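Residue numbers (my numbering): 44 to 157.
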């Protein structure tokens, strides 16, 4: 009698595994993938910073880039007042400085082209 009860439950044990796999797939496409895309866009924007760009920090401070180092950015927040920030602290570029024609330009993700 015990053998007959065990044989019928074999097909039902696959359902929870499929549900877990489906849940992971939904979480990947709804949460993980979009976050990775935003992170890549932010890294490319921060690596393309150059003197003359007007930026906003993650704290909401507006400033103009006056110098760029490997890990830091020097911002002029008022005439004669310069502060040093880590590159990841730059949230977005408000306006970019005039660049020569051959230099690549990274556009702000918030700006809609028409």
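Backbone N, C-alpha and C define an ideal beta-carbon position, used for all residues, glycine too. Nothing here was measured: the structure is a model prediction, and the numbers come from that model.
Checklist entry - Counting pairs of beta carbons, one from the region 73-83 and one from the region 97-107, are three or more of them closer than 8 Å? => result No: fewer than three Cβ pairs fall under 8 Å.
Item to check | Spatially closest choice to residue 134 from 63, 68, 99 and 94, by CA coordinates | outcome: Checked all of 63, 68, 99 and 94; the closest Cα to residue 134 is 99.
Checklist entry - Considering only C-alpha positions, which residue in the set 101, 89, 136 and 97 is nearest to residue 121? => result The option with the nearest alpha carbon to residue 121 is 97.
Next on the checklist: With H, G and I counted as helix, E and B as strand and the rest as coil, what does DSSP make of residue 97?
Outcome noted: In this structure, residue 97 counts as strand in the three-state DSSP scheme.
Checklist entry - If you compare alpha carbons, which of 77, 65, 116 and 71 is closest to residue 93? => result Nearest C-alpha to residue 93: 116.
Next on the checklist: Suppose contacts are defined by Cβ-Cβ distances below 8 Å. Is residue 89 in contact with residue 127 by that definition?
Outcome noted: In terms of Cβ geometry, residue 89 and residue 127 do not form a close pair [threshold 8 Å].
Checklist entry - residue 124 to residue 62, Cα distance in whole Å? => result If I take the Cα positions, the gap works out to 57 Å.
Next on the checklist: Report the start-end ranges of each beta strand (DSSP E) in the region 59-103 that is 3 residues or longer and not cut off at the edges.
Outcome noted: For the region 59-103, whole beta strand (DSSP E) runs of length 3 or above, ordered along the chain, are 97-100.
Item to check | Start and end residues, beta strand (DSSP E) containing residue 132 | outcome: Segment: none, residue 132 is in no beta strand (DSSP E) and carries neither H nor E.
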